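The structure appears below as structure tokens.
There are 2 protein chains.
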Amino acid sequence: MDRRNGIAIGELSRRTGCNIETIRYYERIGLLPAPARRGRYRLFGAEDVARLAFVRRARELGFTLDEVRALLVLAAGGEGVCAEARDLAAAHLADVRARIADLRAMEGVLAEAVRRCDAGEAPGCPLIGTLSAGTSPA
Amino acid sequence: MDRRNGIAIGELSRRTGCNIETIRYYERIGLLPAPARRGRYRLFGAEDVARLAFVRRARELGFTLDEVRALLVLAAGGEGVCAEARDLAAAHLADVRARIADLRAMEGVLAEAVRRCDAGEAPGCPLIGTLSAGTSPA
DNA sequence: CTTGAGTCTGTAGTCGCTACAGACGGTAGG
DNA sequence: CCTACCGTCTGTAGCGACTACAGACTCAAG
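So the protein sequences, as listed, match chains A and B.
Residue numbering for the first sequence follows my numbering, starting at 1 and increasing by one per position.
Residue numbering for the second sequence follows my numbering, starting at 139 and increasing by one per position.
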């Protein structure tokens, strides 16, 4: 494929680490603009690469696609945009922290249960006991 | 509804904190057995309550529905089951820890970006800068 | 001329719910 | 006895963010 006018989707995939199907998916939902074409084949330029890289990094930080959409608008906008971006990130950060807290609670219970299983408690399985807690065995 | 033969789905929902639609969903996918009926209405007994409570607790610990299925089989099985349950839980624990690590990485980057936004850096938004990193502005 | 890699469109599946629509059942008040 | 209302029923479609095909095509190298 002609490299002077852009790169093919496979090359874009390699460069961004983003699955081909996912790239097409992003296009379909309007997160990426419909790219140029050479015949039936998509042809991506530097701007496309940058935009997809941006999306990927935002996704790696856990932003939802809707949030990414908003961030893309902000990134294109001029002044006063930082405060909005900050708020978006701060809200997302709170969300991430809440999820960490949830997972840490799970981790604690699981680790304790596994530990007790390893200790070989006398009757029954401590893990299953934990899950059955508060239930009188019928 | 006749309380001597069991409780209605709404009551089960209240007791277990599990959404009515979710209970029916669990039944549909075979996680819960088809309950008794009084006419068209489902009627749940003590065993049903216990089983759903078990499922709920396992879900709260982050087990997938397939894992919950396996745990239910183990909980019903007799001896030697604890080792299997332990392994399942240990694998899941590793998964939980991996997710925590991912989230902590996100948290770090996000917190730093928000902090730099708050600090009011001179040109452009640090958060958007982070997301655009490695991209030469076209 | 054939072969193989790459790309295309379109559709359906994943997971774990959640949210209806539209019908039916049982009960309490007027 | 009629009506209003709540609870329940079945069935289907939607969410988010992909992922996985099937089946057709394009193009370049050997």
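Positions of the beta carbon are idealized from the N, C-alpha and C atoms, including for glycine.
Note that the structure is a prediction, hence the values are computed from the model and not measured.
Subject >> Identity of the residue in B/A249, B/C220 and B/A232 nearest A/G124 by Cα >> reply: Position 124 of the first sequence, counting from 1, holds the residue named residue 124 of chain A. Closest option to A/G124, Cα to Cα, is B/C220.
Original post:
Along the chain, where does the beta strand (DSSP E) that runs through A/R57 open and close?
Top reply: Within the first sequence, residue 57 of chain A is the residue found at index 57, counting from 1. First-last for A/R57: A46 to E60, but that is the alpha helix (DSSP H), not the beta strand (DSSP E).
**OP:** Tell me, please, whether the CB atom of A/S139 is closer than 8 Å to any CB atom in chain B?
**Re:** Nothing about residue 139 of chain A can be reported from this structure: the residues present for chain A run from 1 to 138 only.
Subject >> Alpha-carbon spacing of B/A232 relative to A/E79, whole angstroms >> reply: By one-based count along the second sequence, residue 232 of chain B stands at place 94. By one-based count along the first sequence, residue 79 of chain A stands at place 79. The alpha-carbon of B/A232 is positioned some 44 Å away from that of A/E79.
Original post:
Hey, A/L32 and A/L52: beta-carbon distance below 8 Å or not?
Top reply: Numbered from its first residue, the first sequence carries residue 32 of chain A at position 32. Numbered from its first residue, the first sequence carries residue 52 of chain A at position 52. Yes, the pair counts as a contact, with Cβ atoms nearer than the cut-off.
**OP:** Apply the 10 Å Cβ neighbour rule to A/A133 and answer buried if 16 or more other Cβ atoms are within range, or exposed otherwise.
**Re:** By one-based count along the first sequence, residue 133 of chain A stands at place 133. Exposed is the call here.
**OP:** Can you pull the chain B residues whose beta carbon is under 8 Å from the beta carbon of A/E107, in chain order?
**Re:** Locating residue 107 of chain A in the first sequence gives position 107, counting from the first residue. Those within 8 Å of A/E107 in chain B are L231, V234, R235 and I238.
**OP:** Check whether the stretch 167-186 of chain B touches the stretch 200-214 of chain B, taking contact to mean three or more Cβ pairs, one atom from each stretch, closer than 8 Å.
**Re:** Yes, the stretch 167-186 of chain B is in contact with the stretch 200-214 of chain B.
Subject >> Nearest to A/D87 (by Cα), restricted to the options B/N157, B/R235, B/E222 and B/V252 >> reply: Mapped onto the first sequence, residue 87 of chain A falls at position 87. Considering only alpha carbons, the answer is B/V252.
Subject >> Alpha carbon of B/D204 to alpha carbon of A/E47, nearest angstrom >> reply: Taking the first residue of the second sequence as 1, we reach residue 204 of chain B at position 66. Taking the first residue of the first sequence as 1, we reach residue 47 of chain A at position 47. Each residue's alpha carbon lies about 43 Å from the other.
Original post:
Does the distance from the C-beta atom of B/V187 to that of B/Y164 stay below 8 Å?
Top reply: What you label residue 187 of chain B is simply residue 49 of the second sequence in a count that begins at 1. What you label residue 164 of chain B is simply residue 26 of the second sequence in a count that begins at 1. The criterion of a C-beta distance shorter than 8 Å is not satisfied by B/V187 and B/Y164.
Subject >> Beta-carbon proximity of A/E21 to B/V234, cut-off 8 Å >> reply: Reading the first sequence from its first residue, position 21 is the one you call residue 21 of chain A. Reading the second sequence from its first residue, position 96 is the one you call residue 234 of chain B. No.
Subject >> Through-space distance from A/L127 to A/C142, alpha-carbon basis >> reply: This structure does not reach residue 142 of chain A, given that chain A is present from 1 up to 138, and the question cannot be answered.
**OP:** With 7 Å as the limit, tell me which residues of the stretch 185-211 of chain B have their beta carbon closer than that to any beta carbon of chain A; keep them in chain order.
**Re:** Answer set for the stretch 185-211 of chain B: E185, A188, A191, F192, R195, A196, L199, G200 and L209.
**OP:** Starting from B/L170, follow the beta strand (DSSP E) in both directions and report where the run begins and ends.
**Re:** Sequence index remark: in the second sequence, residue 170 of chain B carries index 32 (1-based). From DSSP, B/L170 is part of no beta strand (DSSP E); its letter is neither H nor E.
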